[in-house]
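In the working numbering, the protein residues as written are 632 to 1169.
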């Protein structure tokens, strides 16, 4: 370890400690937090995931001052509607034997449970247990990044900075597994780049238990591990008349063992729910996921929607990635790959082929995004941007940091500083923890409002986003509580953009001078009006 390394580690540790300390008072049981808190309470009291009446009663007492509606809602947990022989309600499902479970898996709250015991003993709010555990997850990822990752010093500093500035602070205080998922995802990418493929797969599996799309990354890392082993085996054969006895088996056996363990961990939710409920995925069985919703509109929304996409919180990272191929075409901007001495004595090949790493990371981010597009609640609860976009941005951040290493040192330094400054300005704009109206998922963000006022043709969001942010309440396009016919922005008196339900589209389109008519999800249509045009809305 270099003499300066301890100081760097201490500095980052202090930064993280300050962030966690500031986040603790802001901790909230939010989103699916009721489910995770009940799971954590169940593990703390009887070491099993079935949620018992005593667990519900205890959590009701803990949340008395912060969630007064909990007691009334508890009567409907797993008890609102019957689907496929199972009783569903408020994110819970009642098993055939009468046991109550959340329809999310219990691994994350099980790990939070010891922190729950601690904060209850100290008289702290129950939500702080999640913040403390989330902080620990970030600490473990940063510890590997600073102490073990085989990367140049500049790359380590840049990655650590961008991880904290691209969404981590917005979700640190959530009672949700987003920070847990993002930390394990980052750890897996670093481990894979260091050729520790087996451990990288295990990190992916732990995250996949809560967010199944990470199984795709786990499979990709496994395939990379096998390819690396095969290349090494062939190299040994070429260099010697016969490979050393046991060489292949000694290198392959740990990878296969980790692969088997990873598959078991990733499959645990399917096995558990299959045995207890009779369905492998209660979220899909309860109608909260619909593969028919997967499509290019939602994929574009995940990354580039100014209301909830990755671009809303990480414009610097997306801009940096977009500029990488441009800079690569400039001869003076491209430098030599980092030498082995600049990284470690055993420098992995990732630094010799940064372009390939960038392509692979972008591809895996998009591949993992596809299953997430099936959620029926698209404009879900969030801080600043989509919870899915937060952890899907981790591979892109990693790609940017690796890709910058192919540039000449001055260009790399300027580009890295610009990206960090851009992300710091974004955090300043939304607030460190996103506690401003701009971060509210039921408010139209200023950039989106500008586009819909002045360039409505350029922004045609998924209808649920438009409806919920325009009305300021959570509904679903096509749902029972959704507006049925016409919504106009910014007002019905002087609209620039109008959303029309399928049943009214033809008549209204004929009466309004629209610059364009765009058909979107569910058959809804956007009428993008010309400046100063007249559109008589009922």
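C-beta: ideal position from N, C-alpha, C; glycine also. These numbers come from a predicted model, not from an experiment.
So, using beta-carbon positions, are residue i and residue j closer together than 9 angstroms?
| i | j | result |
| --- | --- | --- |
| residue 734 | residue 722 | yes |
| residue 1048 | residue 1031 | no |
| residue 900 | residue 808 | no |
| residue 958 | residue 1052 | no |
| residue 891 | residue 849 | no |
| residue 797 | residue 662 | no |
| residue 1007 | residue 919 | yes |
| residue 654 | residue 784 | no |
| residue 882 | residue 863 | yes |
| residue 1116 | residue 1131 | yes |
| residue 772 | residue 821 | yes |
| residue 665 | residue 701 | yes |
| residue 625 | residue 1004 | No statement about residue 625 is possible, as the shown extent of the chain runs from 632 to 1169 and does not include it. |
| residue 646 | residue 766 | no |
| residue 1120 | residue 1106 | no |
| residue 994 | residue 1023 | no |
| residue 744 | residue 671 | yes |
| residue 860 | residue 924 | no |
| residue 944 | residue 1021 | yes |
| residue 693 | residue 751 | yes |
| residue 746 | residue 726 | no |
| residue 687 | residue 913 | no |
Go to residue i, then tell me how far its beta strand (DSSP E) extends in each direction, as first and last residue.
| i | result |
| --- | --- |
| residue 725 | 723-725 |
| residue 712 | 712-714 |
| residue 1156 | 1156-1160 |
| residue 1129 | 1128-1131 |
| residue 1117 | 1117-1120 |
Between which two residues does the alpha helix (DSSP H) carrying residue i extend?
| i | result |
| --- | --- |
| residue 1145 | Counting along the chain, residue 1145 falls outside any alpha helix (DSSP H), though it belongs to the beta strand (DSSP E) covering 1145-1150. |
| residue 824 | 809-824 |
| residue 601 | The structure shown does not extend to residue 601, since the chain spans only 632 to 1169, so no value can be given for it. |
| residue 701 | 701-705 |
| residue 999 | 985-1003 |
| residue 1072 | Element bounds for residue 1072: n/a, residue is neither H nor E. |
| residue 643 | 636-654 |
| residue 931 | 927-935 |
| residue 665 | 664-677 |
| residue 1084 | 1077-1085 |
| residue 1105 | From DSSP, residue 1105 is part of no alpha helix (DSSP H); its letter is neither H nor E. |
| residue 739 | 738-752 |
| residue 956 | 946-959 |
Look up residue i in the DSSP assignment and give the residues it is bridged to.
| i | result |
| --- | --- |
| residue 965 | 1038 |
| residue 719 | 712, 724 |
| residue 780 | Residue 780 pairs with nothing; no bridge assigned. |
| residue 659 | 805 |
| residue 1192 | This structure gives no information on residue 1192, because the portion of the chain shown stretches from 632 to 1169. |
| residue 1016 | 1014 |
| residue 920 | 1006 |
| residue 682 | 731 |
Buried or exposed: residue i, going by 16 or more other Cβ atoms within 10 Å of its Cβ?
| i | result |
| --- | --- |
| residue 1099 | buried |
| residue 1034 | buried |
| residue 1110 | Confidence at residue 1110 is low in this model, with a pLDDT of 49, below 50, so its placement is unreliable and no value can be given for it. |
| residue 713 | exposed |
| residue 940 | buried |
| residue 1162 | exposed |
| residue 695 | exposed |
| residue 875 | The pLDDT assigned to residue 875 is 47, lower than 50, so where the model puts this residue is not dependable; a value taken from the coordinates is nonetheless given after this. With fewer than 16 Cβ atoms within 10 Å of its Cβ, residue 875 is classed as exposed. |
| residue 1095 | buried |
| residue 990 | exposed |
| residue 677 | exposed |
| residue 1097 | buried |
| residue 1157 | buried |
| residue 812 | buried |
| residue 1058 | buried |
| residue 992 | buried |
| residue 828 | buried |
| residue 1127 | buried |
| residue 680 | buried |
| residue 976 | Bear in mind that a pLDDT of 42 at residue 976, under 50, signals an unreliable position, so the number given afterwards is only what the model happens to contain. Counting Cβ neighbours within 10 Å, residue 976 comes out exposed, since fewer than 16 surround it. |
Using a beta-carbon distance below 9 angstroms, is residue i in contact with chain C?
| i | result |
| --- | --- |
| residue 1002 | Among the chains in the structure shown there is no chain C, since it carries only a single protein chain. |
Kindly give me the distance between the Cβ atoms of residue i and residue j, rounded to whole angstroms, as I take these residues to be in contact under 8 angstroms.
| i | j | result |
| --- | --- | --- |
| residue 1027 | residue 1082 | Actually they are not in contact, since the Cβ atoms of residue 1027 and residue 1082 sit about 23 angstroms apart, beyond 8 angstroms. |
| residue 965 | residue 895 | With a Cβ gap of about 44 angstroms, residue 965 and residue 895 do not count as contacting. |
| residue 674 | residue 741 | 5 angstroms |
| residue 1087 | residue 1159 | 4 angstroms |
| residue 1185 | residue 736 | Within the shown structure, residues of the chain are numbered from 632 to 1169, placing residue 1185 beyond reach of any answer. |
| residue 1015 | residue 1061 | 5 angstroms |
Any heavy atom of the ligand GTP within a distance shorter than 8 angstroms of the CB on residue i?
| i | result |
| --- | --- |
| residue 1087 | Of ligands this structure carries none, so the ligand GTP is not represented either. |
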